[in-house]
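Following: one structure in structure tokens, then a few remarks.
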Amino acid sequence: RWWVAAQDNCSGVAAMLELARVLIASGKPRRSLMFLATGGEEAGVEATEQDWLAGSHAFVTAHPEITRRLVYDFNIDLAGWTANRGTLATTPDLLVHQRRLLADLTLTDRITARIGLGNTTDAWNFGIVGGGGVSILEWNSVFGGDRANNQPNPYTKYYHTQLDVFHPEDYKNLMTHLRVGALSLLRLDQALNVPIQFSEVASWVGKAIDADAKKAPSVSFAAVRSAMDEFQIQAERVEKARTQINSPAQARPLNRWMMRTRRDLMPWLYGQNSNLRSSGYATMFAALTDARQAAEKNDRAALLTALASVNTVRQSSLVSPEVARDERLYWYTSGDWSSAYYQKQRPVSEEINAVYQRLRNDGAIEAALPGLRQFEDQARGYLSEALFIIAGKLRVAADSLREAPLP
């Protein structure tokens, strides 16, 4: 916690304890329930400034036997803040289930279920590194979002200060937060069939691939599209067959198979910030293509704009060369959440920063062209490699679903 920490995150701990009290009193669960408060969410494994989630990373690393069979994690952070609207961020396999839950609670006018988990909350480690089903309820005005809808008091003026104390008027959504959490947990505990919907995963991949292909028309997406189509076919076949299951004896082996398949697939699909692994590379490749084309036209303004949009350049331009070097080294060598699945986007050659600075200082564009072509080729290689991984893991997952123990 930071200071008194009413919102960040004593509210989350209090909500977890209340859910534990209610669920324990409700009777014997079908599945095991674990109530876990990890430390070090805002501390990195080796360096706090670059990466958080040390505590949850340590847990999922030490307990693969738990994450491999993690039906569902309801992550609670910044609970119940007063806001007009909220977002139930979730992994794609649970999207349909979570939308149905919000509809049954008559909350669809206030809370939107969407795919996406950030890598600054422990939900990332349980869902995107651990491979479980995860959601986190976020209130849109916490950090000043959605001002257009007249959202109330944003939390930003209290964040990480001694002013983060409890005021009842700032927690009008706390009971709603608890209702969503309680029903989510009860339904996932009592569900005969764990509601993993791989068809939604395929749909999510397909939309991202379509967007990436528009950014990188010179790169082949054929293999990943073929693998995705086969994965979609097998997912729909399994989901149709699951509707015939009517006993725990039938459900149990398939549930375990589905969770194992999810655990072996999902971490490889993701890049940082909840995007498909290829998406960051497609964006970088498109920017470097624009930079190279601008250089060939001798258009300095367009060239500098394109280079400044490359994440490596943008970040390095804010600090000294020495700090940029150290940040880059940490990016490659840290033991944080990205290390097992290479979820962090790899930067192109460090020389790009020097090229950018020379061009900003009226350096010769013609002299920069060979380097720009090299950076573009490197980004193309990274994108192709990401697509290879996605296609390969989708094929493996399709094979797994083809052999699933259906009734």
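Just so we're on the same page, the working numbering is the position in the sequence shown counted from 1, plus 1279. Think of the CB as a built atom: it goes at the ideal place given N, C-alpha and C, for glycine as much as any other residue.
Report the three-state DSSP secondary structure of residue i (helix, strand or coil).
| i | result |
| --- | --- |
| LEU1555 | strand |
| ILE1475 | coil |
| ALA1368 | strand |
| SER1663 | helix |
| VAL1421 | coil |
| SER1414 | strand |
| TYR1609 | helix |
| LYS1438 | It should be noted that the sequence gives Tyr, not Lys, for residue 1438. TYR1438: coil per DSSP, three-state reduction. |
| TYR1560 | helix |
| TYR1549 | strand |
| PHE1445 | coil |
| ALA1316 | coil |
From which residue to which residue does the beta strand (DSSP E) around residue i run?
| i | result |
| --- | --- |
| ASN1354 | 1352–1354 |
| ILE1390 | 1390–1394 |
For my contact list, residue i and residue j are in at a C-beta cut-off of 8 Å; report their separation, rounded to the angstrom.
| i | j | result |
| --- | --- | --- |
| ARG1370 | MET1545 | Per the sequence shown, residue 1370 should be read as Thr rather than Arg. The pair is a contact, with the Cβ atoms about 7 Å apart (cut-off 8 Å). |
| TRP1547 | ILE1668 | 6 Å |
| TRP1282 | ASP1489 | Actually they are not in contact, since the Cβ atoms of TRP1282 and ASP1489 sit about 45 Å apart, beyond 8 Å. |
| GLN1653 | SER1628 | 7 Å |
| LEU1666 | LEU1582 | Contact doesn't hold; Cβ gap of about 27 Å is too wide. |
| ALA1495 | ALA1565 | 6 Å |
With respect to the alpha helix (DSSP H) encompassing residue i, which residues constitute its N-terminal and C-terminal limits?
| i | result |
| --- | --- |
| THR1584 | 1579–1587 |
| MET1295 | 1290–1304 |
| GLY1460 | 1453–1469 |
| PRO1343 | 1343–1346 |
| LYS1519 | 1501–1521 |
| ASP1383 | 1374–1383 |
| ASN1632 | 1630–1639 |
| THR1591 | 1590–1595 |
Cβ of residue i within 9 Å of Cβ of residue j?
| i | j | result |
| --- | --- | --- |
| TYR1222 | ASP1287 | Given a span of 1280 to 1686 for the chain in the structure shown, any question on residue 1222 remains unanswerable. |
| THR1317 | GLY1334 | yes |
| SER1613 | TRP1403 | no |
| ASN1590 | VAL1350 | no |
| ASP1356 | GLY1291 | yes |
| LEU1709 | VAL1517 | No answer is possible for residue 1709: the residues shown for the chain start at 1280 and end at 1686. |
| PRO1701 | GLN1529 | Since the first and last residues shown for the chain are 1280 and 1686, residue 1701 lies out of range. |
| TYR1560 | TYR1438 | no |
| LEU1586 | ALA1570 | yes |
| ILE1415 | ASN1354 | yes |
| LEU1457 | ALA1574 | no |
| VAL1503 | ALA1658 | no |
| ASN1452 | GLY1365 | yes |
| THR1455 | ARG1521 | no |
| VAL1459 | TRP1360 | no |
| GLY1397 | ALA1368 | yes |
| GLN1430 | ASN1363 | yes |
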